[in-house]
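With the working numbering applied, the sequence shown covers 4 to 267.
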Amino acid sequence: MSGSHLILTLGRSGSNYLVDAINQSPEALNYGEVLGSWTLTRRVYDQLGAMSDPRRYLDRFYDAPSRYYLGQVMHAALRLKNGRRPSPKPRGEVRTIGTKDFAFTYRELGLERYPAEREGMRVIGLRRRNLVKRYVSGAVMKRTGVAAVTDGETLEVGRITVDPDAFMRGLSIYQSELDLLDEMLNAVPEPRRLVFDYEDVFASSDEVERAVAAMFAFLDLPPAPHVARHQKITTTPLCRLITNFDELRERVSATPYEEMLLAD
4 MSGSHLILTL GRSGSNYLVD AINQSPEALN YGEVLGSWTL TRRVYDQLGA MSDPRRYLDR
64 FYDAPSRYYL GQVMHAALRL KNGRRPSPKP RGEVRTIGTK DFAFTYRELG LERYPAEREG
124 MRVIGLRRRN LVKRYVSGAV MKRTGVAAVT DGETLEVGRI TVDPDAFMRG LSIYQSELDL
184 LDEMLNAVPE PRRLVFDYED VFASSDEVER AVAAMFAFLD LPPAPHVARH QKITTTPLCR
244 LITNFDELRE RVSATPYEEM LLAD
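Shown next, in the form of structure tokens:
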């Protein structure tokens with residue numbers, strides 16, 4: 004029987020990179036997001052009435068062969084639509100099956116204790132300490148309509164203007180989400196959790212490689228090369244990206260957010 008894992012994270016924190024790295028292993032599968040109401044997976048199962056029991060809905064991704072093979076069909080159809088060949092994985096060869104979701108979606112469904120209570124589940128936490136950069140990344144995503152950039156693609160972002168009041172409200176929300184993530188991760192027994200910070204993992208290509216190697220070891224997967232297929236949607240310094248940077252700096256002056264705004 005395959006083991007189970009979860010990437011528990013926040014939005015705009017680099018989790019797609021970790022999912023992609025896991026899925027490049029022939030012995031692992033991660034479905035990505037399955038709880039968010041905006042996802043295709045959740046919309047399909049909503050239509051089937053599967054969300055009447057959220058805990059059972061989630062259990063079946065890890066335990067039910069029928070759910071696994073339906074996921075393989077959906078994945079193959081998506082790859083064909085994008086002009087790529089399907090790459091099915093026989094369930095008997097998969098050592099670990101996982102999902103990736105945000106802490107706040109667990110709370111919305113009353114599942115905050117699920118990662119701690121599911122026996123044997125390995126939980127990979129991915130935090131992002133710099134809430135300012137997380138907010139700006141979300142603003143860029145909304146402006147461009149692009150959530151992720153794959154290797155070889157370019158994205159023309161231009162400069163953005165950030166509403167100061169929405170900015171401050173957003174930072175408060177993001178702080179509460181980070182607190183919730185930490186609370187959920189701390190509830191998971193230490194042998195079953197591995198926690199990364201975005202700022203450490205994505206500091207350099209070497210750090211990325213170290214993090215992926217640690218993640219594979221944690222999941223009892225043999226070492227395997229992976230191709231870096233995801234990149235940041237923008238690397239422009241905030242002082243050049245944001246038209247009203249000075250206005251934002253004035254709003255966060257003498258708060259912990261000022262250091263985040265000025266960070267490299």
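All C-beta atoms in this analysis are idealised placements derived from N, C-alpha and C, irrespective of residue type, glycine included.
Predicted, not measured: the structure shown is a model, and the values here were computed from it.
Taking all protein chains shown into account, do 16 or more other C-beta atoms lie within 10 angstroms of the C-beta of residue i, making it buried, or fewer, making it exposed?
i, result
"Y260", "buried"
"P91", "exposed"
"P194", "exposed"
"K84", "exposed"
"Y72", "exposed"
"D104", "buried"
"R37", "Reading off the sequence shown, one finds Val at residue 37, where the question assumed Arg. Classification for V37: buried."
"I176", "exposed"
Cutting at 8 Å between CB atoms, please list the residues of its own chain near residue i, excluding the five before and the five after it.
i, result
"V160", "V143, R146, T147, I236, T237, T239 and L244"
"Q178", "L134"
Between the beta-carbon of residue i and the beta-carbon of residue j, is there less than 7 Å?
i, j, result
"A266", "N133", "yes"
"V191", "V126", "yes"
"E115", "M187", "yes"
"S18", "L129", "yes"
"A79", "P89", "yes"
"A169", "T99", "no"
"L224", "S28", "yes"
Could you compute how far the alpha carbon of residue i sits from the alpha carbon of residue j?
i, j, result
"L81", "H8", "23 Å"
"V33", "A24", "Strictly speaking, residue 33 in this sequence is Asn, with Val absent from that position. Distance between the alpha carbons of N33 and A24 is about 10 Å."
"F219", "V230", "14 Å"
"G101", "E253", "43 Å"
"G123", "G6", "7 Å"
"G2", "R46", "Any property of residue 2 remains undetermined from this structure, which presents the chain solely from 4 to 267."
"L174", "M77", "36 Å"
"R70", "P93", "13 Å"
"D66", "F199", "27 Å"
"F107", "F64", "19 Å"
"A119", "N189", "9 Å"
Terminal residues of the continuous alpha helix (DSSP H) containing residue i?
i, result
"D270", "Only positions 4 to 267 of the chain appear in the structure, and residue 270 is not among them; the question remains open."
"Q178", "P167 to A190"
"L265", "P259 to L265"
"R91", "Correcting the residue identity first, residue 91 is Pro in this sequence and not Arg. Neither: P91 is in no alpha helix (DSSP H) and is coded neither H nor E."
At what residues does the beta strand (DSSP E) containing residue i begin and finish?
i, result
"R3", "Any property of residue 3 remains undetermined from this structure, which presents the chain solely from 4 to 267."
"N33", "A31 to N33"
"L114", "Per DSSP, L114 belongs to no beta strand (DSSP E) and is neither H nor E."
"F199", "R196 to D200"
"L51", "Where L51 is concerned, there is no enclosing beta strand (DSSP E), given that its DSSP letter is neither H nor E."
"L129", "R125 to R130"
Might you give, ordered along the chain, the residues of its own chain that have their beta carbon closer than 7 Å to the beta carbon of residue i, omitting 5 neighbours on each side?
i, result
"V255", "E261 and L264"
"G141", "G14 and R15"
"C242", "F248"
"L251", "V165, P167, F170, I245 and L264"
"G74", "Y34"
Using a Cβ-Cβ cut-off of 6 Å (strictly less than) and excluding sequence neighbours within five positions of residue i, which residues of its own chain qualify?
i, result
"T246", "R162 and T164"
"R131", "L13, S16, R137 and Y201"
"Y109", "E115"
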